[in-house]
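Start counting the sequence shown at 1; every next residue gets the next number (UniProt numbering). Virtual Cβ for every residue (Gly too), placed ideally from N, Cα, C. The model shown is predicted, which means the values in this text are computed figures rather than measured ones. Notes to accompany the following structure.
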Amino acid sequence: MRKWISFPKQVGVASKQAHADFPEQAIYEREVGRSGFFGPATHFHHRHAPTGWSEWEGDLRPRNFDFNKLDNVATESPWQVPMLLHNAQCKFRIWHCNKNMDFLVRNSDGDELLFIHEGRGELFCDYGHITLEKGDYFAIPRATSWRIEPLEPMHIVMIEATNSAYQLPDKGLVGNHAIFDPACLDTPDIDDAFKAQYSEDSWQVQVKRHGKVSMITYPFNPLDAIGWHGDLAPVRINWRDIRPLMSHRYHLPPSAHTTFVADGFVVCTFVPRPIESDPGALKVPFYHNNDDYDEVLFYHEGDFFSRDNIDKGMVTFHPAGFTHGPHPKAFQAGLEFRKKFTDEVAVMLDTRNALEMGEACAGVENPDYVNSWKAKDDNKA
Numbered sequence: 001m002r003k004w005i006s007f008p009k010q011v012g013v014a015s016k017q018a019h020a021d022f023p024e025q026a027i028y029e030r031e032v033g034r035s036g037f038f039g040p041a042t043h044f045h046h047r048h049a050p051t052g053w054s055e056w057e058g059d060l061r062p063r064n065f066d067f068n069k070l071d072n073v074a075t076e077s078p079w080q081v082p083m084l085l086h087n088a089q090c091k092f093r094i095w096h097c098n099k100n101m102d103f104l105v106r107n108s109d110g111d112e113l114l115f116i117h118e119g120r121g122e123l124f125c126d127y128g129h130i131t132l133e134k135g136d137y138f139a140i141p142r143a144t145s146w147r148i149e150p151l152e153p154m155h156i157v158m159i160e161a162t163n164s165a166y167q168l169p170d171k172g173l174v175g176n177h178a179i180f181d182p183a184c185l186d187t188p189d190i191d192d193a194f195k196a197q198y199s200e201d202s203w204q205v206q207v208k209r210h211g212k213v214s215m216i217t218y219p220f221n222p223l224d225a226i227g228w229h230g231d232l233a234p235v236r237i238n239w240r241d242i243r244p245l246m247s248h249r250y251h252l253p254p255s256a257h258t259t260f261v262a263d264g265f266v267v268c269t270f271v272p273r274p275i276e277s278d279p280g281a282l283k284v285p286f287y288h289n290n291d292d293y294d295e296v297l298f299y300h301e302g303d304f305f306s307r308d309n310i311d312k313g314m315v316t317f318h319p320a321g322f323t324h325g326p327h328p329k330a331f332q333a334g335l336e337f338r339k340k341f342t343d344e345v346a347v348m349l350d351t352r353n354a355l356e357m358g359e360a361c362a363g364v365e366n367p368d369y370v371n372s373w374k375a376k377d378d379n380k381a
């Protein structure tokens, strides 16, 4: 078992508590940590903002994509949409489902997580029928057959756990009912709507395996279960059912907002919450080096207080290896207590291994995003 070379030590002027009560001569804190926010960490206090760069060269840079502008995502099948961000353990896609699927799909590469960004619809799968609404997560176990009948156009974020399974996070000291009670999880039902789609007509199933799609034809609709029992099933939870962990005296790390875990990555959900009220507590996300994880944020709705010029449907991608944190306006607002409450909903994907960008990302990237932190020259108008 690996053991970190770590022990607490203090050099120079530093606060006793992370994210609170900074030294008067240094208002900027930077966290350098390993294993996401779970390993050993050091907190530096700086005279200047750690993101106050004046120039940036090279590909390792913060990126911003406007996925509202994507082409070729309103496809008949979810397996036809372009790959956006991916590695061996995780696939991130956007799919616009605008019409009824008259076929089934099955992902044999891994579990699939759907997040309903816009719209609503009826989903039918091996386990029954369920209505999906805006803001719903729906985790589908590997090799489950499913289809959607949209009630209105649906914009869906799809995150595949390649060759692994989605699980709930270990809630530790806060107990099993914190963040959300497992009783909030819904499963599909063998209801009248499901029974009404029993059919002796020919149906096809598009099965994806190793990224390739095969077609299986049945002389009947294979969604013909009359019942089931067991502890493996798709589950739904809406972000409105999530009750975030909070501390009025300490800004909690993103890991406190974990919703699902899988091999090599986690999915977190940021929902509206009160901002820390203790005078000495940091009020905005802290500057940090997340040197073991790539970070992806999908902005669902609200006022994204730590970012400038970000609208719903956009995505930021911060590869591991550089310091990042709040934009200057957001940091200043935190110092001045301008906001008392966050009004944002965002889905975060943190991956242990580096993500690659698909070709579709290049056409919707804002290349000036890296300059949004750039140090201001006070001598210029």
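- Taking the CA atoms as reference points, residue 121 sits about 50 Å from residue 45.
- Here residue 351 is actually not in contact with residue 299; their C-beta atoms are around 18 Å apart, not less than 8 Å.
- Three or more beta-carbon pairs drawn from the region 184–191 and the region 232–250 are found closer than 8 Å, and the two stretches are therefore classed as touching.
- Straight-line spacing of the CA atoms in residue 172 and residue 255 works out to 13 Å.
- One Cα belongs to residue 242, the other to residue 271, and the distance between them is close to 8 Å.
- Per the C-alpha coordinates, the member of 170, 54, 131, 94 positioned closest to residue 259 is 170.
- The beta carbon of residue 315 is closer than 6 Å to those of 65, 67, 298 in its chain, skipping five residues each way along the sequence.
- Collapsing the DSSP output to three states places residue 373 in a helix.
- Shown here, residue 290 sits in a strand according to DSSP, grouped into three states.
- Segment contact: the region 88–100 against the region 189–199, fewer than three CB-CB distances shorter than 8 Å; contact not assigned.
- The region 158–182 is shown to contain no whole beta strand (DSSP E) run of 3 or more residues.
- For residue 24, there is no enclosing beta strand (DSSP E), as DSSP marks it with neither H nor E.
- When DSSP states are grouped into helix, strand and coil, residue 240 belongs to the helix group.
- Between residue 157 and residue 115, the CB-CB gap stays under 7 Å.
- In the structure shown, residue 68 adopts helical secondary structure according to DSSP, grouped into three states.
- Shown here, residue 206 sits in a strand according to DSSP, grouped into three states.
- By the C-beta criterion, the region 274–292 is judged not to be in contact with the region 99–110, since fewer than 3 inter-stretch pairs fall below 8 Å.
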